[in-house]
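Protein chains in written order, with my numbering: chain A, 81 to 391; chain B, 81 to 391.
Where a beta carbon is used, it is the ideal one built from N, C-alpha and C, also for glycine.
Take a look at the structure set out below.
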């Protein structure tokens with residue numbers, strides 16, 4: 081195989097209660113990344129469609145993760161990467177993770193899979209380091225593994241794949257404002273009340289139990305964030321109103337996707353998701369903020385091959 | 081039925097990572113509580129064997145929980161309670177919870193079970209309020225439900241029963257020193273670092289996943305407390321040394337039981353538990369502290385009836 085194209089999905093990190101540890105993979109939105117084996121050693125970002133991002137491989141999420149992979153293998157050729165960027169940078173649904181994960185997944189396929197998925201996550205984290213300033217795993221893990229994931233630790237790297245509830249739809253509202261990940265992290269306090277932390281880890285625990293028990297009510301009750309959301313929601317116009325509308329319209333939970341500004345609503349069934357989308361759409365249309373809104377599903381597979389080309 | 085005797089087990093709260101939310105029920109140690117229906121209304125603590133605790137029902141854990149139950153039912157008779165107290169007060173293995181849970185469980189049986197287990201937990205929490213100064217649920221929940229439990233919230237009360245791993249043995253070291261629950265709570269900081277909290281909720285999440293997945297290694301790795309143990313361990317002589325010895329001898333995890341001073345070690349298999357016990361016993365024998373040490377199992381049933389007497 082000389083060339084492969086993969087679909088590398090968008091993701092929702094944190095999932096309300098699980099700041100920095102929980103993540104969920106989305107189905108219908110992701111970058112399309114084509115990697116071609118070339119004679120020249122190293123990594124070349126050959127094309128970038130959709131958004132204007134660095135073509136210098138060391139400064140590009142997909143390039144930096146690929147370079148991290150190359151350091152761990154001795155080969156006398158290189159790879160050219162073409163990115164059709166569909167996940168809006170700065171949206172909060174794992175845009176850099178999508179690219180960072182996609183390139184290493186594709187290269188691993190071209191090489192005959194010498195690396196495990198856990199190793200690919202570690203490489204992709206280096207792409208996150210370039211894009212976000214920190215080698216975070218909570219988006220790249222669900223992008224690569226699919227479904228729901230828990231990052232137990234990053235050093236050593238340990239990520240768990242969690243069960244997925246059936247029939248989950250996700251509504252993403254993306255207000256067209258920019259929130260830098262660094263700013264979203266800096267707004268958080270360094271210290272938090274112990275009582276709030278206890279509530280948060282009770283919610284993380286019950287969310288995970290809910291996934292195993294297939295308990296939608298418990299899942300819904302656990303999607304609560306008493307630590308991060310009170311701070312970050314201030315950066316997102318009308319967040320509280322959107323959340324209220326989403327829950328009243330029947331969503332199981334509504335929160336900030338990653339560091340925002342995207343807001344996710346998780347719904348049981350498509351009908352509920354359509355209702356939630358319509359209600360949010362009507363309300364957000366009355367604000368002065370430009371926005372996108374769309375419905376997708378939880379993606380239990382993660383990254384997948386779109387087009388392998390054998391030569 | 082006029083009279084019933086129940087075995088109300090000791091419990092380990094917190095389980096390292098799950099401060100205030102996780103708990104585990106023990107098998108071979110518990111209070112024996114006999115409740116007899118009497119003509120006089122109200123609750124009378126008729127006998128207390130083993131330890132010198134208040135006989136005034138309003139000041140006794142078993143009495144206070146029973147009084148909370150009586151408030152929720154209209155009956156023209158009362159109950160007499162005899163307590164054979166076997167769980168050492170102030171040991172940290174849920175002594176007050178054992179009594180608080182036992183009395184209401186027994187009364188509920190005599191009344192033909194008008195109350196759910198969740199309601200019994202709520203009554204028993206009132207016993208904890210009298211004994212510990214706060215209506216905590218993390219001991220009474222596993223005493224009543226058995227196995228591993230997660231207190232998702234206390235208001236409203238929501239407790240989850242979690243799966244149990246097979247073949248788990250628990251070694252309890254009880255240094256004969258007194259730590260008051262209130263002191264053990266006051267030593268904790270009101271604010272904790274966000275980074276430590278993230279580590280803690282990742283551990284709570286992975287512990288719960290480990291119970292569902294029957295993954296002993298993950299269970300072991302998750303039994304880590306970066307928040308509470310660094311403070312409370314200072315109150316327990318040679319805690320760090322005991323922990324080191326326990327882990328080196330093969331335990332899956334070792335931590336402070338509740339607010340201490342008891343130290344628990346969880347082991348896979350009896351052979352491992354015996355080895356851990358011997359190693360800890362030898363070491364603690366070299367200290368100047370009097371202590372008890374014993375091996376028990378995880379009790380998946382919770383409180384059970386020892387002797388119903390039909391009249």
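| Item | Value |
| --- | --- |
| N- and C-terminal bounds of the alpha helix (DSSP H) containing residue 255 of chain B | Segment 248-255 is the beta strand (DSSP E) holding residue 255 of chain B; no alpha helix (DSSP H) there. |
| Run of the alpha helix (DSSP H) containing residue 275 of chain B, from where it starts to where it stops | 274-293 |
| Residue 210 of chain A (DSSP reduced to helix, strand or coil) | helix |
| Residue nearest to residue 172 of chain A in terms of C-alpha spacing, selected from A:387, A:344 and A:291 | A:344 |
| Whole runs of the alpha helix (DSSP H) within the region 173-227 of chain B, excluding any shorter than 4 residues | 175-190, 197-212 and 220-225 |
| DSSP three-state assignment for residue 390 of chain A, whether helix, strand or coil | The predicted position of residue 390 of chain A is uncertain, since its pLDDT is 47 and thus under 50; a value taken from the coordinates is nonetheless stated next. Of the three classes helix, strand and coil, the one that applies to residue 390 of chain A here is coil, per DSSP. |
| Through-space distance from residue 307 of chain A to residue 91 of chain B, alpha-carbon basis | 30 Å |
| For residue 379 of chain B, the three-state DSSP class (helix, strand or coil) | coil |
| Limits of the unbroken beta strand (DSSP E) element including residue 89 of chain A | 83-93 |
| Segment contact flag, the region 130-145 of chain B with the region 174-190 of chain B, C-beta cutoff 8 Å, min 3 pairs | yes |
| Distance cut-off 7 Å: residue 235 of chain B Cβ against heavy atoms of the ligand MG | For the ligand MG, the structure offers nothing, since it holds no ligand at all. |
| Residues that residue 270 of chain A contacts on chain B, provided the C-beta gap is smaller than 7 Å | 273 and 274 |
| Cross-strand partners of residue 105 of chain A (DSSP beta bridge) | A:91 |
| Coarse secondary structure for residue 126 of chain A, derived from DSSP in three states | strand |
| Cβ-based burial, residue 266 of chain B [other Cβ within 10 Å; buried from 16] | exposed |
| Same chain, Cβ closer than 6 Å to residue 372 of chain B, five either side skipped, listed in chain order | 254 |
| C-alpha gap between residue 330 of chain A and residue 240 of chain B, whole angstroms | 24 Å |
| Close Cβ partners of residue 279 of chain A (< 6 Å) along its chain, the five nearest in sequence each way excluded | 306 |
| Three or more C-beta pairs below 8 Å linking the region 103-112 of chain B and the region 113-133 of chain A | no |
| Cross-chain neighbours of residue 100 of chain B in chain A, by beta carbon under 7 Å | 278 |
| Beta-carbon proximity check, residue 386 of chain B vs residue 167 of chain B, cutoff 8 Å | no |
| Straight-line gap, residue 335 of chain A to residue 288 of chain B (C-alpha atoms, nearest Å) | 23 Å |
| As assigned by DSSP and simplified to three states, the class of residue 327 of chain A | helix |
| Contact set for residue 202 of chain A: own chain, Cβ-Cβ below 6 Å, skip 5 residues either direction | 237 |
| Length at least 3, wholly inside the region 339-381 of chain B: the beta strand (DSSP E) runs in chain order | 343-348 and 371-377 |
| Cβ pair residue 157 of chain A, residue 187 of chain A closer than 8 Å | no |
| Sequence-distant residues of its chain with Cβ nearer than 7 Å to residue 356 of chain B (five each side left out) | 251, 326, 329, 330, 331, 345 and 347 |
| Listed by chain order, chain B residues near residue 288 of chain A by CB distance under 7 Å | 285, 288 and 289 |
| Within chain A, the residues that residue 233 of chain B reaches when beta carbons sit closer than 7 Å | 282 |
| Residues sharing a beta bridge with residue 334 of chain B, DSSP | B:345 |
| Contacting positions in the region 242-263 of chain B - beta carbon closer than 9 Å to chain A | 242 and 243 |
| CB contact check: residue 292 of chain A to chain B, cutoff 8 Å | yes |
| Inter-residue spacing [alpha-carbon to alpha-carbon] between residue 214 of chain B and residue 302 of chain A | 24 Å |
| Nearest candidate by alpha-carbon position, reference residue 300 of chain A, set A:193, A:286 and A:222 | A:286 |
| Residue 195 of chain A and residue 349 of chain A closer than 8 Å at C-beta | no |
| Any chain A beta carbon closer than 8 Å to residue 225 of chain B | no |
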